[in-house]
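Letter by letter, the sequence shown follows residues 9 to 97 in our numbering.
These notes concern the structure reproduced below.
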Amino acid sequence: EPVTLSIRPERVRLNGSSESCRNRFSGRVAEFIYLGDHVRVRLEVCGMSNFFVKQPIAELDTALAVGDVVPIGWQVEHVRALDPLLDSH
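In structure tokens form, the structure reads like this:
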């Protein structure tokens, strides 16, 4: 059966910090949204253009630019499976 997976943006790791993650993918940087002490990085991942990563400014790789392809990852325990039939969108 189909499921929708959900993960909080602060649980996703970028670049080198993704190496220890069990779930790893690559994403293309589409946008940086600076919000005080953190930045939201919008990525294109697995055909989706609205995948967000929340990262403290102090941990952001300053060489990262729009268009770069970067490794991302997260731990299994941080993902939630949702029933897509209950999604009202």
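Where is the CB? At the ideal position from N, CA and C, for every residue including glycine.
Please state the DSSP three-state secondary structure of residue i.
i: residue 14; result: strand
i: residue 24; result: helix
i: residue 66; result: helix
Could you tell me which residues DSSP pairs with residue i in its beta bridges?
i: residue 92; result: Paired residues: none, contrary to the question.
i: residue 72; result: Looking at the DSSP assignment, residue 72 forms no beta bridge with any residue, so it has no partner.
i: residue 35; result: 78
i: residue 52; result: 36
i: residue 86; result: Paired residues: none, contrary to the question.
Taking just the CA atoms, how far does residue j sit from residue i?
i: residue 13; j: residue 71; result: 30 Å
i: residue 26; j: residue 34; result: 10 Å
i: residue 22; j: residue 81; result: 7 Å
i: residue 66; j: residue 10; result: 38 Å
i: residue 41; j: residue 64; result: 12 Å
i: residue 24; j: residue 68; result: 11 Å
Are the CB atoms of residue j and residue i within a distance shorter than 8 Å?
i: residue 92; j: residue 32; result: no
i: residue 47; j: residue 74; result: no
i: residue 15; j: residue 77; result: no
Hey, would you say the C-beta of residue i is under 7 Å away from at least one heavy atom of the ligand PLP?
i: residue 18; result: Ligands are entirely absent from the displayed structure, and the ligand PLP is therefore not among its contents.
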